[in-house]
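Peer 1: Sequence order for the protein chains is X and Y.
Be aware that the first sequence starts at 1, since it is given in full-length UniProt numbering, and climbs by one per residue.
Be aware that the second sequence starts at 1, since it is given in full-length UniProt numbering, and climbs by one per residue.
Below: one structure in structure tokens.
There are 2 protein chains.
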Amino acid sequence: MSVDVGQRRRLEPDARREQILLVAVRLFGERGYADVSTGDVARGAGVARGLVNHYFGTKKELYLDVIRVMLTVPASALTLVPPGDLPTRADSIVSWFLDVVSRHSTSWLGAITAGGMAGDADVDRVIADAIDVAADQVLTAVGLPVHGGAQHAMARSYVGLATSTAREWLQRGDLTRAQVHKLLTATLLTMVDQVFPDA
Amino acid sequence: MSVDVGQRRRLEPDARREQILLVAVRLFGERGYADVSTGDVARGAGVARGLVNHYFGTKKELYLDVIRVMLTVPASALTLVPPGDLPTRADSIVSWFLDVVSRHSTSWLGAITAGGMAGDADVDRVIADAIDVAADQVLTAVGLPVHGGAQHAMARSYVGLATSTAREWLQRGDLTRAQVHKLLTATLLTMVDQVFPDA
DNA sequence: TCGGCTTGTTGGCACTGTGTCAACAAGCGC
DNA sequence: GCGCTTGTTGACACAGTGCCAACAAGCCGA
Chain X
1 MSVDVGQRRR LEPDARREQI LLVAVRLFGE RGYADVSTGD VARGAGVARG
51 LVNHYFGTKK ELYLDVIRVM LTVPASALTL VPPGDLPTRA DSIVSWFLDV
101 VSRHSTSWLG AITAGGMAGD ADVDRVIADA IDVAADQVLT AVGLPVHGGA
151 QHAMARSYVG LATSTAREWL QRGDLTRAQV HKLLTATLLT MVDQVFPDA
Chain Y
1 MSVDVGQRRR LEPDARREQI LLVAVRLFGE RGYADVSTGD VARGAGVARG
51 LVNHYFGTKK ELYLDVIRVM LTVPASALTL VPPGDLPTRA DSIVSWFLDV
101 VSRHSTSWLG AITAGGMAGD ADVDRVIADA IDVAADQVLT AVGLPVHGGA
151 QHAMARSYVG LATSTAREWL QRGDLTRAQV HKLLTATLLT MVDQVFPDA
């Protein structure tokens, strides 16, 4: 919030770009896409509005970069495939997911629900990619490295379940972590045992 | 698309309002929230733009009405609780859900993902209400008429699973209806047997 | 130290979209 | 036909966006 009303100062392009991007991440995370203007981002960064367009082109491109960092930051905490039998592996992948999503709750949950603008083709693609990554992790952790398209689709469905369940826990507070954990492990085992064979 | 370029004609307020609303539903369904202007809606209805504001106030209020009809039209097809044992009831509630969602696929799936504007408090509330209704139906169909808050939260999570799975079927085409059916019934039974007792 | 040059940065222009409102006129009753 | 109600219009003011020429911060050679 330091407005830094002093002289204009030249920053290296990368530094300035990242500074603006961080402000945009914060603002788009707090309010939606429509309620944040490029002028707000510029003012938050203590910069002329035209500079935002200079670095990011259009407002939608800026927003794409924003949800990209929101979604890839938690995904960067990739883990190795845990050893053990199936229930153990399911347990640890669920724990890992809950750890990640609780640490970056506002970012991840906000972005995965397209915090401001779904229906747009480009935004949808970025979100779909993030879901694909999460689905891949589920499949490999479970020991079924990408078999067919149907299995991958089912894994994406499971990610949808995990997301909505995490929202009940973190945003609405109507579920405890233990309940979420139990729900996600039980359903994951059911899917692996009973419905994945159909694919 | 008949532009009806003739004289201006007076309609009764309800008729005019619904005419504009139907055009808005179509347009918001096709493109997103941001890509549809009130001028587009007005032109589609063969009407001055100011009239849209006269009937709906602001653009966001118009959009709220739009997603309200998108979500409540399928929900209006409420069914009675089917008889039979648990697997039978689970089977029929899943079938009913798939029938409804496939018939109104573009509307329901588009709106439930907040086709254009999530993160907004009012929009989120309308969507949350629709999910609550669906969760109630699941609970009653399964024979657990709203017990505790946690069970209801779990039912909402299941609706999230059903939604994301239906999207894999109807929008991406990577799952067949039979696969979706199997997945949703198996997970529902698991949840009723193993995780609902924790609530 | 000073002038020149590169380029990060600014402010203003044109345009679109939104909300509001006084004025207009369609269609009814007298 | 006349007047009144009120559905409907067009224009105004304003906010937000994208673009671009002009400006100046800071480095380099003289």
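Where a beta carbon is used, it is the ideal one built from N, C-alpha and C, also for glycine.
1. Using the Cα positions of residue 200 of chain Y and X:L144, report the straight-line distance between them to the nearest angstrom.
2. Closer than 8 Å, CB to CB, is X:L170 near chain Y or not?
3. CB-CB under 7 Å to X:A45, same chain, minus the five flanking residues each way: which ones, in chain order?
4. Could you give the distance in angstroms between the alpha-carbon of X:P87 and the alpha-carbon of X:S107?
5. Taking all protein chains shown into account, decide if X:G110 is buried (16 or more other Cβ within 10 angstroms of its Cβ) or exposed.
6. For Y:R26, decide whether its Cβ has a neighbour in chain X, counting only Cβ atoms nearer than 8 Å.
7. Quick one: is X:E30 buried, meaning 16 or more other Cβ sit within 10 Å of its Cβ, or exposed?
8. Could you tell me which chain X residues have their CB closer than 8 Å to the CB of Y:R16, listed as they occur along the chain?
9. Whole angstroms are fine: how far does the CA of X:A178 sit from the CA of X:Y63?
10. Are the CB atoms of Y:A155 and Y:L139 within a distance shorter than 8 Å?
11. Do the stretch 7 to 16 of chain Y and the stretch 181 to 189 of chain X touch if we need at least three Cβ pairs shorter than 8 Å?
12. Taking only beta carbons into account, state which residues of the UniProt domain "HTH tetR-type" (14 to 74) of chain X come closer than 8 Å to chain Y, listed in chain order.
13. Tell me whether the beta-carbon of Y:S157 lies closer than 8 Å to the beta-carbon of X:L11.
14. Give the DSSP-derived three-state secondary structure of X:P83 in the structure shown.
15. Measure the beta-carbon distance from Y:D126 to Y:R68 and round it to whole angstroms, keeping in mind my assumption that it falls under 8 Å.
16. Taking only beta-carbon positions, decide if X:L11 is within less than 8 Å of chain Y.
17. Please classify X:D122 as buried or exposed, where buried requires at least 16 other C-beta atoms within 10 Å of its C-beta.
18. Quick one: which chain X residues come within Cβ less than 9 Å of Y:Q179?
19. Thinking C-alpha only, which one of Y:E61, Y:L175, Y:G57, Y:L51 is nearest Y:D120?
20. Given a cut-off of 8 Å on the beta-carbon distance, is the pair Y:D174 and X:G160 in contact?
21. Answer yes or no: does any C-beta atom of chain Y fall closer than 8 Å to that of X:A186?
22. Mind pulling the chain Y residues with CB within less than 8 Å of X:T106?
23. Please name the residue, chosen from X:V101, X:A135, X:V142, that lies closest to X:D85 on a Cα-to-Cα basis.
24. Taking 8 Å as the cut-off, decide whether the C-beta atoms of X:A42 and X:A48 are in contact.
25. For the ligand GTP, is there any heavy atom lying closer than 7 Å to the beta carbon of Y:D99?
26. Would you give the residue range spanned by the alpha helix (DSSP H) that X:R8 belongs to?
27. Taking 8 Å as the CB-CB limit, is X:L139 close to chain Y?
28. Is it buried or exposed, X:A162, if we count other Cβ atoms within 10 angstroms and call 16 or more buried?
29. Which of helix, strand or coil does DSSP assign to X:Y55?
30. For the UniProt domain "HTH tetR-type" (14 to 74) of chain Y, which segments carrying the alpha helix (DSSP H) assignment without a break, of at least 4 residues, lie completely within its bounds, in sequence order?
31. For X:D122, go through chain Y and note every residue whose CB falls closer than 7 Å to its CB, in chain order.
32. Mind checking which residues open and close the alpha helix (DSSP H) that includes Y:A130?
33. If you count every other CB in all the chains shown that lies within 10 Å of the CB of Y:S37, and 16 or more means buried, which is it?
34. Looking only at its chain, what residues have a beta carbon closer than 7 Å to the beta carbon of Y:L27, apart from the 5 residues adjacent to it on each side?
35. Would you identify the three-state DSSP class for Y:L161, choosing helix, strand or coil?
Peer 2: In this structure, then:
1. Residue 200 of chain Y falls outside the range modelled here, since chain Y spans only 1 to 199, and no answer is possible.
2. no
3. Q19, I20, V23
4. 29 Å
5. buried
6. no
7. exposed
8. Within 8 Å Cβ-Cβ: nothing; Y:R16 doesn't reach chain X, min ~27 Å.
9. 35 Å
10. yes
11. no
12. R31, G32, Y33, A34, D35
13. no
14. coil
15. Checking the displayed sequence, the identity of residue 126 of chain Y turns out to be Val instead of Asp. Indeed they touch by this definition, with Cβ atoms about 6 Å apart.
16. no
17. exposed
18. A150, A153, M154, V195, D198, A199
19. Y:E61
20. no
21. yes
22. What X:T106 touches in chain Y: nothing, since even the nearest Cβ is about 11 Å away.
23. X:V142
24. yes
25. Among the ligands in the structure shown, none appear at all, so the ligand GTP cannot be discussed.
26. Note, X:R8: premise wrong, no alpha helix (DSSP H); not H, not E.
27. no
28. buried
29. helix
30. 38 to 45, 49 to 56
31. Under the 7 Å cutoff, chain Y gives no residues; its nearest Cβ is about 11 Å from X:D122.
32. 121 to 142
33. exposed
34. V36, D40, V41, G44
35. helix
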